[in-house]
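Single-structure report; data block below.
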Amino acid sequence: MKQTATESAGLQGTQAGQVTQQRSISAMIAKFRELGLLAFILLLSVGVQLRNPSFLTWENISDIATNTAILSILAVGMMLVIITRGIDLSIGATLALSGMTAALTVSHYPELHPLLAVALGVGIGLACGMVLGFLVSWVNILPIIATLGMMNVFRGLTFETSGGKWVSAHQMPASFKAIATGSVFGINNLILIAILIYIVAYYFVSHTRTGRRIYAVGSNPDSAEISGIRTGRILWLVYTIMGGLSGLAGVLWVSKFASAQGDTASGYELSVIAACVLGGVSIAGGVGKISGIVLGSILLGILNNALPMINVSPFWQMFIQGTIILIAVLVNALVKRGIDRNHLMRRKI
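Each number in this note's numbering comes from the position in the sequence shown (counting from 1) with 36 added on.
What follows is the structure, encoded as structure tokens:
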């Protein structure tokens, strides 16, 4: 009997040691995932530089940062949505509607202050996000269905608002185009706006009660509800934030390209989702970091810029990007599976 108890204690000690070891490995992988992504970005940049010496010039780096700014802004909102186990397929349409409305307004009122045009676009985006949040949180429509349906509604409103016509550069005042093309201390406005949004978003998710509740809802909605968190309000909030950022992105997009079209940013939501996935945001919800989506956006921006510079075929560009995204999904799945397995073994012990 004594021998059995000793063997049992030894077995429990072995299991505990295995759990500790596996937990430390999974924690280490999760902790240094961003460092691995950063290392990959650096290696990719060095490789491209060896093929094309003009890649790491200040001018090209500035172009990459500027072209990635809008993507990174949208990735903030998409991260919050995905953390709550949702998805938003309507952001491209919201972007187009907000940008078109702002462009039409400034074309009719050239003396309108640029900040008012930005406020108009953000307001339209917020309204779109509120509608989506209502459908998801209180009507209980699946996010993919609600956003897919509203995507077509918003896109149709864009064409209806513009009458199927474009708003071109000569119809926009210089002050409006300067929103995206201007600079402060030599730094493009788009980059500054993106940095500001990331700072605010980091503080929001890391140091506010609402930010922590967003993660709680995504990790376990039932437990969050039982603990007193109003999940409906949280869901409504994240879709509203996503809408507001889409509206801002719409104004910045139209200002940057000096053109507003009915099909602006068509399919762009897939790039935003890809940036989040590359940055370690889990589609299963509850997992995501600001630093991760920054790196994910940068990686996509580098790929979009670098592959044409080394004369990679457009077909191979899509293949390479898809492969990298798939690898990121697999890594995220393996890390999550390891962490879940560790939690399960700890409960058994």
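Glycine is no exception: its CB is placed at the ideal position from the N, C-alpha and C atoms.
As the structure is a computational prediction, the values presented were derived from the model and not from experiment.
Taking the Cα positions, Pro150 is about 16 Å away from Ala296.
Restricting attention to beta strand (DSSP E) runs no shorter than 3 residues, the region 84-130 encloses none.
In the three-state reduction of the DSSP assignment, Ala296 falls in the strand class, which pools E and B.
In this structure, Gly286 sits near Ala132, with a CB-CB distance shorter than 9 Å. Asp124 counts as buried, since no fewer than 16 other beta carbons sit within 10 angstroms of its beta carbon. Taking a 10 Å sphere around the C-beta of Leu171, we find 16 or more other C-beta atoms and assign the residue as buried. A distance below 6 Å between beta-carbons, with the five flanking residues on each side excluded, links Ala105 to the following residues of its chain, in chain order: Leu226, Ile227, Ala230. For Ser211, the closest of Pro146, Leu362, Ser263 by C-alpha to C-alpha distance is Pro146.
The region 320-336 makes no contact with the region 127-142, as fewer than three CB pairs between them are under 8 Å. Ile277 and Gly165 do touch by the CB rule: their CB atoms are close to 7 Å apart, below 8 Å. Taking C-beta atoms under 8 Å as the contact rule, Ser302 and Gly128 qualify, at a distance of about 6 Å. Minimum Cα-Cα distance from Met208 among the listed residues Met186, Gly247, Met136, Thr267 corresponds to Met136. Under the DSSP assignment, Phe170 falls in the alpha helix (DSSP H) whose first and last residues are 150-173. DSSP places Ile223 in the strand class (E or B) of the three-state scheme. Around the beta carbon of Phe91, 16 or more other beta carbons sit within 10 angstroms, so the residue counts as buried. With a cutoff of 9 Å on beta-carbon distance, Gly332 and Val317 are scored as near each other. If the five residues before and after Ala182 are omitted, its C-beta is found closer than 7 Å to the C-beta atoms of Leu168, Leu171, Val172, all from its own chain and listed in chain order.
Partner residues in a beta bridge of Val367, as assigned by DSSP, do not exist. Exposed is the label assigned to Val236, since fewer than 16 other Cβ atoms lie within 10 Å of its Cβ. Here DSSP, grouped into helix, strand and coil, assigns Val348 to coil. Shown here, Val274 sits in a helix according to DSSP, grouped into three states. DSSP, reduced to helix, strand and coil, places Val308 within a helical segment of the structure shown. No Cβ-Cβ contact shorter than 9 Å links Ile215 with Leu306.
The straight-line gap separating the alpha-carbon atoms of Val348 and Ala342 is approximately 9 Å.
Judged by pairs of C-beta atoms under 8 Å, the region 263-274 does not touch the region 184-194, as fewer than three such pairs exist. When secondary structure is reduced to three states using DSSP, Val203 falls in the strand class. Counting C-beta atoms within 10 angstroms of its own C-beta, Val274 has 16 or more neighbours from the protein chains shown and is therefore classed as buried. Annotated as distal: Thr130 and Gly159, with beta-carbon spacing of 9 Å or more. Residue environment for Trp202: exposed (fewer than 16 other C-beta atoms within 10 angstroms of its C-beta).
Per DSSP, Thr246 is one residue of the alpha helix (DSSP H) stretching across 245-255.
In terms of Cα proximity to Thr197, the closest of Ser134, Val367, Trp352 is Ser134.
Collapsing the DSSP output to three states places Met208 in coil. Judged by DSSP secondary structure, Arg191 falls within the alpha helix (DSSP H) whose first and last residues are 179-198.
The alpha carbon of Leu178 has as its nearest neighbour, out of Arg69, Ala260, Pro344, Thr120, the alpha carbon of Thr120. With contacts defined as CB atoms closer than 9 Å, Val112 and Ile233 qualify as a contacting pair. Take Leu110, set aside five residues on each side of it, and the residues of its chain with a beta-carbon closer than 7 Å to its own are Ile127, Leu281, Ser282, Ala285, Val308, in chain order.
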